[in-house]
Amino acid sequence: MPTALIFGASGGIGRALVERLAADGWTVGAVSRHPGDLAGLTDHRYEADVTDAFAVSQAVYAAAQELPPVDLWIYAAGDILASPVAEMEPAAWARILGANLTGAYLTTQQSLPLLAERAHLILLGAYSERLQLPGMSAYAAAKAGLEAFAAALAKEQRKHRVTVVRPGAVATPLWEKVPLRLPRTALAPAELAQRVLDAYHAGVTGTLDL
7 MPTALIFGAS GGIGRALVER LAADGWTVGA VSRHPGDLAG LTDHRYEADV
57 TDAFAVSQAV YAAAQELPPV DLWIYAAGDI LASPVAEMEP AAWARILGAN
107 LTGAYLTTQQ SLPLLAERAH LILLGAYSER LQLPGMSAYA AAKAGLEAFA
157 AALAKEQRKH RVTVVRPGAV ATPLWEKVPL RLPRTALAPA ELAQRVLDAY
207 HAGVTGTLDL
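If you count the sequence shown from 1, position 65 lands on 71 in this note's numbering, and the numbers rise without skipping.
Structure below.
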């Protein structure tokens with residue numbers, strides 16, 4: 007039975023990934039700020055804000071006591087903000103960079119000892135056309151940084167596979183935070199979760215537009 011560890015597991019996409027993997031018989035470790043929301047989906051639930059280094063280390067330590075070596079590691083945490091640069095508060099900038107980029111670093115660093123020999127790390131990026139829009143500078147910077155981080159990580163961790171998946175529009179509550187209309191072509195979280203799992207089984211590395 008393969009093992010997955012998911013950060014941001016109670017968000018729209020994260021929860022769909024937990025549901026999909028659990029239904030397929032995986033052992034799933036789920037890290038989120040609200041682990042109680044995942045009751046009934048997995049017994050391996052851990053609480054952490056991905057921007058809090060101590061909380062992340064505690065969650066990963068707890069996971070290490072319960073889980074076999076991790077075959078699939080997913081960073082699905084994130085946040086979004088619509089604000090012009092001229093009006094953005096430094097704290098808001100830091101929050102978006104923290105959730106989308108710094109959290110990826112913290113969780114990756116702490117998780118490396120848990121990974122199986124040929125583990126696959128998948129980080130959720132964003133489709134490039136969504137980034138270069140007015141009011142999206144913090145989100146754009148964070149997701150561009152995430153791809154650079156993943157590219158460097160792949161060169162450091164050559165025994166593992168590293169992929170950034172770049173979904174288009176996905177029908178999650180994050181859309182309520184931006185003044186954009188959800189496209190009719192938006193994916194359901196469950197559909198995206200299946201595509202992510204398909205990428206894992208296909209062994210795709212680098213970047214992948216979904």
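Ideal Cβ positions, reconstructed from N, Cα and C, are used throughout, including at glycine.
Across which residues does DSSP place Asp215 in a beta bridge pair?
DSSP output for Asp215 lists Arg172 as bridge partner(s).
Just verifying my parser: in three-state terms, what is the DSSP assignment at Tyr52?
DSSP places Tyr52 in strand when its eight states are reduced to three.
Which residue or residues does DSSP assign as beta-bridge partners of Ala10?
The partner list for Ala10 (beta bridge, DSSP) reads Val34, Leu78.
Is it a yes or a no for the region 181-197 touching the region 73-90, going by three-plus beta-carbon pairs under 8 angstroms?
Because the criterion of three Cβ pairs below 8 angstroms is met, the region 181-197 and the region 73-90 touch.
Using 8 angstroms as the threshold, is the region 90-109 in touch with the region 169-177, meaning 3 or more CB pairs across them?
No, they do not touch.
Using the C-alpha atoms, what's the distance from Thr57 back to Asn106?
Computed Cα separation, rounded: 9 angstroms.
Is it the case that the Cβ atoms of Val66 and Leu120 are separated by a distance below 8 angstroms?
Yes, Cβ-Cβ distance for Val66 and Leu120 is below 8 angstroms.
Taking its Cβ as the centre, do 16 or more other Cβ atoms sit within 10 Å of Gln71, making it buried, or is it exposed?
Exposed, since its Cβ has fewer than 16 Cβ neighbours within 10 Å.
For the beta strand (DSSP E) holding Leu129, just list the boundary residues, first then last.
Residues 121-130.
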